[in-house]
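Reviewing the structure listed below.
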Amino acid sequence: MPNEPAIWSTALAKSYGAKTALAGLELSVPAGSVFALLGPNGAGKTTAVRVLSTLARPDGGRASVAGYDIVAQRHEVRRRISLTGQEITLDALQTGRETLEMMGRLAHLSARAARARAGELLERFDLGDAADRRVGTYSGGMRRKLDLAAGLLSQPEVIFLDEPTTGLDPRARAAMWDVILAQAAAGATVLLTTQYLDEADQLAGCVAVMEGGRVVAQGSPDELKARVGGQQLDLWAADGAGYEELSRRIGAAALRTDPEELHLVLTTPGEATKARWLLDELDPDGHLVKRFTLSAATLDDVFMALTATGATERSSAND
Amino acid sequence: MTDSIALEGALVEGQVAPAGATFANTGSDALLMAIRSLRLSLRAIDGLVVALALPVILMGLFVYLFGGAIRTGARYIDFVVPGVLVVCIGYSAVTTSISVAHDLNEGIVDRLRSMDVGGVSFMSGHVLAGTVRNLISTVIVLGVAFAMGFRPHAGALDWLEALGLLTLCVLAYTWLTATLGTLARSAEAANGMGFLVGFVAYPSSAFVPVKDMAPWVRGFADHQPVTPIVDTLRGLLDGAGGTDTWVAVAWCLGIIALSVALAGWLFRLRTER
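Spelled out as structure tokens, the structure:
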């Protein structure tokens, strides 16, 4: 089954009481790729990971992981995956080495193989010096690495990472990215969730933006950035009349407007020629715009743009 | 190069176990969970000190403080040791409640389930560790009792029967508190619930003869599990033979069966979300 996707789902649904967490999730993740689920809190990312990693049962739809059905063949799935959740799962009173050896044994390695594999992962994750210290003395970044290592003892085919770098400082974050990329390079399929656009950009070959329990946009990081412009242009009008005029010219392209601050936001590709052209176009006489800034689009902006277009696409498809 | 050798090693030594090995896996997983739990108990110094001091304190409390005021017709220490044994089993079992609740409220159960370590292994491991902890503490209680002047008249068979019943009682308390641990939303709540279970031992024949109690308490004391367990232990240790042995055994087995069934259901309810 060489061409079968490592993760595949259709119409996957899951509700908690009246709250819909997944509303028809469609995914197809090629084997050996890094795939990011991007979205704000409450978009359904964690539920997607819980359902795909067999921890929670879907209410509807179907999905397979590593070629096995996540409900009927969940035990087969569990032998081939690893899940590292948002919550740290380590015992503060065990050492790093003890933790990994225990997890190795639980993953059904022999005592000897578990010891060898634990030592190997501790070295690879740069935790060799701290291996015999209790986990309670580790920094946040070290715990994350150990937590991830604990999931890799049995060489999983598919690795689920739920917000692997939340709460880490930039250096620990970069170290974590290296570790994740190395796993993918070794042939594993990685599905990670993140709230950060730059993280998806750095790691993933394909990004799915989630909103309201479904995928609203999907593509490579570059494709997604092209769709929202990539850069954010903030304009402050000179006065109320100027604001009205700018607002009329920008129209529906405005990402955000704030009449009180005389502030308008729109997205643009990053090139200087485009930005200059846009300013000339909006303010040919040079007296409407008092001040402007050009900055990288944040996830919030990308997300607002994507979900706005997603909404119009959906409604026009229904017409 | 080293990497590929290690990889092969892992594969040869059964990285992906065949499906038929599931039953054996459940047993070895439970054992690993128990070893973890015991290791953690040994390293939580504060908890360990309390667990070791509590039997001494309770025994001293009843023998020296209340003992003088309670008339039982025999030496009070010989009367009260079976009661203190059961009360200490109850207190010691609270640790299991706390550790089950702790694990369920942290991420570790998700990690374990994603590795196909299921509820049976998880709960059995905690109960096994709890049983070992509790039996050690029971031996300490007996040692303290002897040091304070406890002189039983039991023969070898009586002792065997008494230790058997104590073990069954430990299992019943441990399964019950483990099950309560699956209900608790925090380790603190589990602690409280566990202590409530421990209090059931007081309105029983453990410390005061039931006939000296107010009528409505007597009704409860006569029909709750601790009374037949304590009475049977008292009879056995006194050399007079167990009086309510089958009632005591039936209570213990009933509590274990109910707890196991409830624990399975509650574990799924808690985790499959």
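From first to last, the protein sequence lines are chains A and B.
First residue of the first sequence? That's 1 in the numbering used here, and the numbers climb one at a time after it.
First residue of the second sequence? That's 1 in the numbering used here, and the numbers climb one at a time after it.
Every residue gets a Cβ at the ideal spot worked out from N, C-alpha and C, and that includes glycine.
- For Ser204(B), there is no enclosing alpha helix (DSSP H), since its DSSP letter is neither H nor E.
- Residue contact with chain A for Asp110(B): present (Cβ-Cβ distance below 8 Å to some residue of chain A).
- The C-alpha of Gln232(A) is placed about 33 Å away from the C-alpha of Arg144(A).
- One alpha carbon belongs to Ala305(A), the other to Arg270(B), and they sit about 38 Å apart.
- Straight-line measurement puts the Cα of Leu32(B) at about 35 Å from the Cα of Ser9(A).
- Taken in chain order, the complete beta strand (DSSP E) segments of 3 residues or longer contained in the stretch 207-263 of chain A are 214-219, 231-237, 256-258.
- Each of Met142(A), Lys45(A), Gly17(A) was checked against the Cα of Gly96(A), and the nearest Cα belongs to Met142(A).
- Taking the Cα positions, Asp239(A) is about 8 Å away from Lys290(A).
- In the DSSP assignment, Asp103(B) falls within the unbroken alpha helix (DSSP H) covering 76-105.
- Between Glu272(B) and chain A, the shortest Cβ-Cβ separation is below 8 Å.
- Glu188(B) does not reach chain A, its nearest Cβ partner there being about 18 Å away, counting only Cβ pairs nearer than 9 Å.
- With a contact defined as Cβ atoms closer than 8 Å, Val87(B) and Leu58(B) qualify at about 6 Å.
- Boundaries of the beta strand (DSSP E) around Gly60(A): 60-65.
- Nearest in C-alpha terms to Glu26(A), of all of Asp147(A), Leu246(A), Met210(A), is Met210(A).
- Taking C-alpha positions only, Gly128(A) is separated from Gln183(A) by approximately 19 Å.
- 8 Å or more divides the Cβ of Ala226(A) from the Cβ of Gln218(A).
- As computed with DSSP, Lys19(A) is found in a beta bridge with Tyr16(A).
- Counting along the chain, Arg234(B) sits inside the alpha helix (DSSP H) bounded by residues 226-237.
- Within 9 Å of the CB of Thr89(A), the CB atoms of chain B belong to Glu106, Gly107, Ile108, Val109, Asp110, Arg111, Leu112, in sequence order along the chain.
- Among the CB atoms of chain B, one or more fall inside 8 Å of the CB of His108(A).
- Taken atom to atom, the span from the alpha-carbon of Thr47(A) to that of Leu224(A) is near 23 Å.
- Burial is judged here by how many other beta carbons sit within 10 angstroms of a residue's own beta carbon; Asp169(A) has fewer than 16 and is exposed.
- Rounded to whole angstroms, Asp126(A) and Ala172(A) show a C-alpha spacing of 12 Å.
- Within chain B, the C-beta atoms nearer than 8 Å to that of Ile81(A) come from Ser114, in chain order.
- Look at Ala56(A): its C-beta is under 8 Å from a C-beta on chain B.
- When Cβ-Cβ separations below 8 Å define contact, Met102(A) makes contact with chain B.
- Inclusion of Ala114(A) and Glu101(A) in the CB contact set at 8 Å is warranted, their separation being smaller than that value.
- Under the 8 Å Cβ criterion, the stretch 37-53 of chain B does not count as touching the stretch 178-190 of chain B, having fewer than three qualifying pairs.
- Among the residues facing chain A, Arg39(B) is included, as its CB has a counterpart in that chain under 8 Å away.
- About 5 Å separates the Cβ atoms of Ala13(A) and Asp59(A), confirming a contact at the 8 Å cut-off.
- Contact annotation: Val56(B) and Val80(B) have beta-carbon atoms that are not nearer than 8 Å.
- Ranked by Cα distance from Asn41(A), the options Gly136(A), Thr166(A), Leu255(A), Trp177(A) are led by Thr166(A).
- Per DSSP, Leu127(A) lies in no beta strand (DSSP E) and is assigned neither H nor E.
- Counting C-beta pairs with one atom in each stretch, the stretch 188-203 of chain B and the stretch 90-109 of chain B have three or more that are closer than 8 Å, which means they touch.
- With respect to Leu22(A), Gly213(A) sits close: the two C-beta atoms are nearer than 8 Å.
- Secondary structure at Thr179(B): helix, using DSSP grouped into helix, strand and coil.
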